[in-house]
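Written out as structure tokens, the structure reads:
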């Protein structure tokens, strides 16, 4: 039943992507392993992934995918309450590789299985062997019991969109208009796809993200919905900050935007790190043909915005930076009533993402 | 944290076992494998276990334990929504080997990890290698996130008790007073243990079950609570039925009993099979030292009472017997509002139990 994708579109069927701040059923994650993405055969990243998973499972169920080879190591450092499932995949980014879950007004669950090409395909993808990744979303859907739509002609990663659950999508031109995704579609055609597959009415376009190289500027490093009519936005007034120009531009743009319901957005400022986070001097990953190499000293995309909202809590990256506490306080103030849990995730950011990138929530119906 | 058992008792801490008809979080099961319990290397039993698990997972989450060797086969016939966990254990009876879950009034979960000796230990146990089984309940507790009590000096199986969640325990003398369990305790001392560990006030004693040999007469083949103040009871007025005497005796006894709240019990009659279910002529299991042998032609303990109540449904054994439909109708009438799902489980009953014996519910908090 779940093997064959649905042939209509979510919007036609009355389905939409609820906001991340809506009630959730569980969170999916994928265990990191490949030595051309993660230094020291991923052992440090694995520790950080486990810290994230173990923190989430206090608030809701977690399903962790891992290869057969990694099963024992993974099981040994994960909380016993976490469900493990075997899966074959390329790299460990459940946000971008997993499906986007949808609900309707009748308590039913479905999902969009987006075409995936490793953040840019042959144009500027991070690795070239993405065939297993592109199939992986099916397994998420099976476990969730969610019939799926499949966009054979439309490439998208979950990290490039946020929704408010009330008709609005937030995204960036840098990513969605980049030549590695859907070069044959116009901006208007892409808007139509987003609205059809996310069950939305209006797309809010930011120009740029802060990660032009790897994700081509995913929105989930710079802004997100925190409530209907409210967004959080990366902000700095330090002109020497590498992310200053983008942060300023996005903040101003968001302040002037109206959502699908016609509301002017309330924009909350979230600080960046005080000092740039760089790949450490001894940083090394294994060189592999077709995989983008990262080297010691490079700037990391260390944003506090890459948090995950879960039931009753927000799981927030910490970088051992002077601004860690300030970021937690700012986020706590926005999400009064939710616990704010900081997790040290430098080793995840070294691999090119953070807590939001490595998780994918399934809404509660 | 969960490694060390709690040192007080559930009753002292305000915990009790809720009724099976209360809301549930999930059901645990254990995959059958051993060839001295299950004919043809358990392949037929596995099919029936999978049918039960797949039926339950429509209504609530299922966690299936299996050995590493069985992982792939099990995964291949289980519904994708079912969580699998590796475990080392003797045989596949989650009701008797798993813990009994408890709740309190504050939304907290705990469990009793009963001492287990394979239904009678050296006196008349079914097999002699029960050490792994006795440790297995810990893993259930870890997955549930339930701190556990441990009765080092008290043997009990989950199938030998039912509770109404309002202070009453239902059990049989045949089992709880049998010399293979707690021979050094008096009936009064056993009552105290039951009340302390199940958070109850009153024990209702039936004399006999219908399975004197294997479980020493577990109550879950003959009677259970279906609502506060209401029980279902195996009943037949056919004197030639092998279970006639016990059924008549239990029915009369229950009609005269009052529960912990002082209510006279309302007793619902449930039929047995029209014809006895016997081990088929070609039935064979592997002979193994220390394991009780079963042979072709023996009477099976085929009771419709061995159903499992889950959220919104009741999962009921079917024996390809003339009375299958009548039993479903009787159960549907008692549980109006719940779906009644019949599953063919002869191959499970050949191994000595049925749907209730192979499942263990974790209450919702």
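Protein chains in written order, with this note's numbering: chain A, 221 to 585; chain B, 221 to 585. By construction, the Cβ of each residue, glycine as well, lies at the ideal position given by its N, Cα and C atoms.
Skipping 5 residues on each side, what residues in its chain have a beta carbon closer than 7 Å to that of residue i?
| i | result |
| --- | --- |
| residue 234 (chain B) | 324, 325 |
| residue 527 (chain A) | 534, 535, 536, 537, 551, 575, 576 |
| residue 421 (chain A) | 387, 415, 480 |
| residue 238 (chain B) | 323, 385, 583 |
| residue 308 (chain B) | 287, 352 |
| residue 486 (chain A) | 449, 450 |
| residue 558 (chain B) | 532, 533, 534 |
| residue 279 (chain A) | 530, 531, 532, 533 |
Candidates the options: which alpha carbon is nearest residue i's?
| i | options | result |
| --- | --- | --- |
| residue 567 (chain A) | A:244, A:499, A:431, A:511 | A:499 |
| residue 490 (chain B) | B:360, B:564, B:555 | B:555 |
| residue 584 (chain A) | A:270, A:424, A:531, A:480 | A:531 |
| residue 484 (chain B) | B:472, B:494, B:572 | B:472 |
| residue 395 (chain B) | B:474, B:376, B:557 | B:376 |
| residue 417 (chain A) | A:381, A:506, A:255, A:494 | A:381 |
| residue 379 (chain B) | B:297, B:429, B:454, B:461 | B:429 |
| residue 518 (chain B) | B:251, B:431, B:255 | B:431 |
| residue 451 (chain A) | A:308, A:525, A:321, A:223 | A:525 |
| residue 434 (chain B) | B:309, B:263, B:266, B:513 | B:513 |
| residue 494 (chain B) | B:581, B:476, B:507, B:539 | B:539 |
| residue 424 (chain B) | B:475, B:398, B:459, B:557 | B:475 |
| residue 506 (chain B) | B:397, B:256, B:313 | B:256 |
| residue 312 (chain A) | A:279, A:549, A:296, A:262 | A:262 |
| residue 252 (chain B) | B:412, B:279, B:293 | B:293 |
| residue 329 (chain B) | B:314, B:363, B:459 | B:363 |
| residue 478 (chain B) | B:412, B:389, B:439, B:516 | B:389 |
| residue 295 (chain B) | B:458, B:254, B:336, B:250 | B:250 |
| residue 508 (chain B) | B:240, B:254, B:516 | B:254 |
In chain order, what residues of the same chain lie with their CB nearer than 6 Å to the CB of residue i, ignoring the 5 residues before and after it?
| i | result |
| --- | --- |
| residue 338 (chain B) | 345, 346, 347, 350 |
| residue 520 (chain B) | 497, 569 |
| residue 419 (chain A) | 230, 231, 235, 236 |
| residue 456 (chain A) | 464, 467, 492 |
| residue 226 (chain A) | 367, 369 |
| residue 321 (chain B) | 331, 582, 583 |
| residue 223 (chain B) | none |
| residue 488 (chain A) | 452, 554 |
Suppose contacts are defined by Cβ-Cβ distances below 8 Å. Is residue i in contact with residue j by that definition?
| i | j | result |
| --- | --- | --- |
| residue 427 (chain B) | residue 391 (chain B) | no |
| residue 492 (chain B) | residue 436 (chain B) | no |
| residue 258 (chain B) | residue 449 (chain B) | no |
| residue 374 (chain B) | residue 318 (chain B) | no |
| residue 563 (chain A) | residue 271 (chain A) | yes |
| residue 441 (chain B) | residue 523 (chain B) | yes |
| residue 275 (chain A) | residue 561 (chain A) | yes |
| residue 580 (chain B) | residue 314 (chain B) | yes |
My understanding is that residue i touches residue j, with C-beta atoms under 8 Å, so please give their C-beta distance in whole angstroms.
| i | j | result |
| --- | --- | --- |
| residue 536 (chain A) | residue 547 (chain A) | 7 Å |
| residue 333 (chain B) | residue 361 (chain B) | 7 Å |
| residue 301 (chain A) | residue 327 (chain B) | Wrong, their Cβ atoms sit about 16 Å apart, outside the cutoff. |
| residue 299 (chain B) | residue 277 (chain B) | 5 Å |
| residue 310 (chain A) | residue 398 (chain A) | Rounded, the Cβ-Cβ distance is 20 Å, inconsistent with contact. |
Can you give me the Cβ contacts of residue i inside the same chain, cut-off strictly under 8 Å, excluding the 5 residues immediately before and after it?
| i | result |
| --- | --- |
| residue 291 (chain A) | 304, 306 |
| residue 510 (chain B) | 347, 348, 349 |
| residue 268 (chain B) | 563, 564, 565, 566, 567, 568 |
Comparing the CB of residue i with every heavy atom of the ligand PLP, is any distance shorter than 7 Å?
| i | result |
| --- | --- |
| residue 572 (chain A) | This structure lacks the ligand PLP, and indeed carries no ligand of any kind. |
**Request:** Report yes or no: do the stretch 376-385 of chain A and the stretch 438-446 of chain A share at least 3 C-beta pairs separated by less than 8 Å?
**Result:** yes
**Request:** Flag this pair as touching only if the stretch 352-362 of chain B and the stretch 572-579 of chain A have three or more C-beta atom pairs under 8 Å; answer yes or no.
**Result:** no
**Message:** For the structure I just gave you, are there three or more beta carbon pairs, one from the stretch 338-347 of chain A and one from the stretch 273-291 of chain B, closer than 8 Å?
**Reply:** no
**Request:** Flag this pair as touching only if the stretch 364-371 of chain B and the stretch 387-405 of chain B have three or more C-beta atom pairs under 8 Å; answer yes or no.
**Result:** no
**Cβ contact check for the stretch 541-558 of chain A and the stretch 243-257 of chain A: 3 or more pairs under 8 Å** = no
**Asked** Is it true that the stretch 464-479 of chain B meets the stretch 501-510 of chain B, where meeting means three or more beta-carbon pairs spaced less than 8 Å apart?
**Response** no
**Asked** Of all the residues that make up the stretch 349-371 of chain B, which are near chain C by a beta-carbon distance shorter than 7 Å?
**Response** Protein chains in the displayed structure are A and B, and chain C is not among them.
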